[in-house]
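Asker: My questions all concern the structure below.
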Amino acid sequence: CTHFTMIRIHYIFFVLISLSWAINSWAQEAVISSQYDESNAVLAPDGKTLYFTIGNHILNSGGRTDKGDIWYSQVNDYGVWSTPIRLQGSVNNRNNNRVLGFSEDGLTMYLHGHYGSAGASVPTQGISVSQWNGRSWSRPLNIKIPYFLNESEFQSGHISSDGQVIVFSIQGRGTKGNEDIYVSFRDNASYSEPMNLGSTINTRFQEFTPYLSEDKQILFFSSNGREGEGSSDVYFSQRLDDTWKNWSEPENIGRWVNTDGRDWNFLMIEKIRKVLFISTRSSDGYGDVHIITPQAGIDSLFSDKPQVVTDDSPITRYDLNGVVQDQVGVPISNAVVTINWEGSTKTLITDNEGRFGLDLEPNTDYSFLVESGLYIPQTRKLSTGSTVETSQMTFRLLYAEVGVTVKLENILFRKGTYKILPGSEEDLDVVLEFMKKNPKIEIDLAGHTDNNGDPKGNLKLSKKRVQEIKKYLVDHGIAASRISGKGYGDTLPIASNASETTRMLNRRVEFTIVKNE
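The sequence shown begins at 12 in the working numbering and counts up by one.
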């Protein structure tokens with residue numbers, strides 16, 4: 012390594028160590044999450060498009076049993092990320108599809124696995140490439156890597172922006188235990204035989220989601236084979252020479268990333284000066300994508316935090332200050348807010364900033380219904396105490412685009428039955444009116460239970476609950492052809508079944524928009 016490179020390495024290490032001391036100087040900027048498991052996040056070179064894999068989504072190539080299709084989210088001028096959209100084209104099939112990386116110009120997408128017919132695809136063997144033709148991504152072409160072997164069902168990795176180096180996590184020849192990290196170098200149109208990085212990096216457990224810094228000197232990876240904060244932590248190590256076999260002892264990156272749960276897929280994105288990682292922190296046990304930006308103290312490496320539209324400016328003349336926004340935080344003007352309380356009704360229209368205000372009464376229960384065109388309506392309840400305090404409410408409306416899934420929060424059933432409890436009609440009627448106003452929309456209902464009881468009984472119960480909701484909508488004027496549905500029993504939990512608190516999250520009915528044209 013040159014003197015300049017060593018200075019650069021030491022500087023990065025200084026910054027990384029400083030990060031663990033300066034957790035209070037960091038702010039979480041975005042969390043991209045859903046009721047599904049997000050994994051394998053990769054940011055495109057434009058810095059505005061995030062690609063990641065979502066498993067078990069109804070719109071995946073293989074439906075809810077599909078382990079993963081590639082989806083993407085885009086950031087707007089306010090610094091807020093959009094609702095994920097499934098990537099169209101042949102890059103997605105019934106296998107677990109994942110992006111490895113991009114060329115510097117963003118026109119070449121590298122993918123994990125080999126592509127072929129549905130039965131012949133090998134999702135954990137080698138890599139493939141797809142080209143952007145100006146409108147879509149081309150059919151992936153397989154790249155042969157000599158002696159590439161992965162005996163695990165998982166494959167993760169990172170390709171350098173110049174396309175010269177790939178680091179893989181696979182269970183191949185010479186693996187120390189489970190998945191190990193290997194390196195392969197570009198050799199004309201192909202890549203060299205994968206080389207194990209050695210016992211300093213790899214343990215007899217799992218090392219996965221490796222990532223190289225821009226100068227290829229620092230390796231970030233996750234491991235469950237070291238004494239860390241949780242079930243898997245992020246570590247980093249310095250490459251000591253050009254053999255790629257000598258590395259410094261890996262160091263835990265610290266609590267600013269690592270938690271008691273699983274933490275992985277760490278990326279330092281110097282072009283837009285952010286840090287990305289996936290974690291089960293503050294989630295339902297599934298992975299969520301976290302993107303964070305530094306504040307004061309380490310501005311020499313990263314830029315200032317971009318301004319994000321917030322609702323911190325209250326309308327002071329009202330007890331209740333409300334704001335209506337879309338899913339990416341942009342204000343929605345002319346939204347209709349209907350408020351009911353003790354036999355009274357009031358309708359308000361949001362201003363150009365998406366705001367509305369209301370004077371509240373003590374000891375009163377309020378219900379809110381917010382509607383706006385092709386946005387999915389949202390309901391909310393608010394109860395005041397004996398003393399009225401200034402309140403702030405933010406409504407985020409989802410645009411009714413194909414793929415959006417909505418949990419029917421307030422539709423309840425008698426325990427162990429499919430009979431809808433009184434009071435649930437209010438939310439059912441919101442869905443009913445929405446479908447009447449938007450006759451081109453078709454939905455797919457999904458019923459889920461926790462794992463208490465017999466699995467076959469749970470499956471039957473979830474089916475009957477879906478049928479009951481469909482019957483209600485059809486009986487009130489919605490064509491049966493616009494509503495499909497299925498019960499999944501306890502097969503697709505979104506949270507742990509270990510406690511009643513989290514089991515409640517698994518007992519749910521939701522709908523996904525499958526057509527809007």
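Cβ atoms here follow ideal geometry from the backbone N, Cα and C, with glycine treated the same way.
State buried or exposed for Arg273, treating a residue as buried only when at least 16 other CB atoms are found within 10 Å of its CB.
Answerer: Its Cβ being crowded by 16 or more others within 10 Å, Arg273 is buried.
Asker: Which residues does DSSP pair with Ile181 in a beta bridge?
Answerer: According to DSSP, Ile181 bridges with Asp191.
Asker: May I ask you to report which of helix, strand or coil DSSP gives Asp173?
Answerer: Reduced to three states, the DSSP call for Asp173 is coil.
Asker: Check whether the segment 112-126 touches the segment 140-151, counting contact only when three or more Cβ pairs, one atom from each stretch, lie closer than 8 Å.
Answerer: With a cut-off of 8 Å, the segment 140-151 and the segment 112-126 count as touching, because enough Cβ pairs lie within range.
Asker: Going by CA-CA distance only, name the one from Leu54, Asp48 and Ser93 that's closest to Lys285.
Answerer: Checked all of Leu54, Asp48 and Ser93; the closest Cα to Lys285 is Leu54.
Asker: Going by beta-carbon coordinates alone, are Ser234 and Thr254 separated by less than 8 Å?
Answerer: No, the pair does not count as a contact, with Cβ atoms beyond the cut-off.
Asker: First and last residue of the beta strand (DSSP E) that includes Pro373?
Answerer: From DSSP, Pro373 is part of no beta strand (DSSP E); its letter is neither H nor E.
Asker: Could you check which residue in Asn207, Val335, Leu369 and Ala411 has the C-alpha nearest to that of Leu160?
Answerer: Answer by Cα proximity: Asn207.
Asker: Under a Cβ-count criterion, where at least 16 other Cβ atoms within 10 Å of its own Cβ denotes burial, should Met279 be classed as buried or exposed?
Answerer: Counting Cβ neighbours within 10 Å, Met279 comes out buried, since at least 16 surround it.
Asker: Round the Cβ separation of Phe522 and Asp438 to the nearest angstrom and send it over; I've been treating them as touching at under 8 Å.
Answerer: Actually they are not in contact, since the Cβ atoms of Phe522 and Asp438 sit about 12 Å apart, beyond 8 Å.
Asker: Around the Cβ of Leu432, are there at least 16 other Cβ atoms within 10 angstroms (buried) or fewer (exposed)?
Answerer: Answer is exposed; the Cβ neighbour count stays below 16.
Asker: Using the rule of at least 16 other Cβ atoms within 10 Å of the residue's Cβ for burial, across every protein chain shown, is Ala491 buried or exposed?
Answerer: Looking at its Cβ environment, which holds fewer than 16 other Cβ atoms inside 10 Å, Ala491 is exposed.
Asker: Report the three-state DSSP secondary structure of Glu204 (helix, strand or coil).
Answerer: Glu204 falls in the coil class under three-state DSSP.
Asker: From Asn345 to Pro205, what does the alpha carbon distance come to, in whole angstroms?
Answerer: Cα-Cα distance, rounded: 59 Å.
Asker: Evaluate contact between the segment 216-228 and the segment 153-169, counting only Cβ atoms and requiring at least three cross-stretch pairs below 8 Å.
Answerer: Contact between the segment 216-228 and the segment 153-169 is present, because at least three Cβ pairs lie under 8 Å.
Asker: Report the start-end ranges of each beta strand (DSSP E) in the segment 380-438 that is 3 residues or longer and not cut off at the edges.
Answerer: Counting only runs of 3 or more, we get 389-394, 402-408 and 416-418.
Asker: Alpha carbon to alpha carbon, how far is Pro95 from Tyr62?
Answerer: Distance between the alpha carbons of Pro95 and Tyr62 is about 9 Å.
Asker: Short check: CB of Asn449 to CB of Leu385, under 8 Å?
Answerer: Yes.
Asker: Quick one: grab the DSSP three-state call for Ser259.
Answerer: Ser259 falls in the coil class under three-state DSSP.
Asker: Out of curiosity, what's the CA-to-CA distance linking Ser147 and Ser243?
Answerer: Whole-angstrom Cα-Cα distance: 36 Å.
Asker: When DSSP builds the beta bridges, which residues end up paired with Arg150?
Answerer: Arg150 pairs with nothing; no bridge assigned.
Asker: Which of the three DSSP states is assigned to Leu484 in this structure?
Answerer: Correct three-state label for Leu484: helix.
Asker: Rounding to the nearest angstrom, what Cα-Cα distance links Glu364 and Asp337 in this structure?
Answerer: The straight-line gap from Cα to Cα measures roughly 12 Å.
Asker: Look up His469 in the DSSP assignment and say whether it is helix, strand or coil.
Answerer: The identity of residue 469 in the sequence shown is Asn, whereas the question assumes His. If DSSP states are grouped into helix, strand and coil, Asn469 belongs with the helices.
Asker: Restricting to Cα atoms, I'd like to know which of His169, Phe179 and Ser203 is closest to Lys155.
Answerer: Lys155 has its Cα closest to that of Ser203, out of His169, Phe179 and Ser203.
Asker: Determine the burial state of Met446: buried for a count of at least 16 other Cβ atoms within 10 Å of its Cβ, exposed for fewer.
Answerer: Its Cβ being crowded by 16 or more others within 10 Å, Met446 is buried.
Asker: If you draw a straight line from the alpha carbon of Gly488 to that of Glu444, how long is it in whole angstroms?
Answerer: Their Cα atoms are separated by approximately 10 Å.
Asker: Are Ile422 and Val520 closer than 8 Å when you measure CB to CB?
Answerer: Taking 8 Å as the Cβ cut-off, Ile422 and Val520 qualify as a contacting pair.
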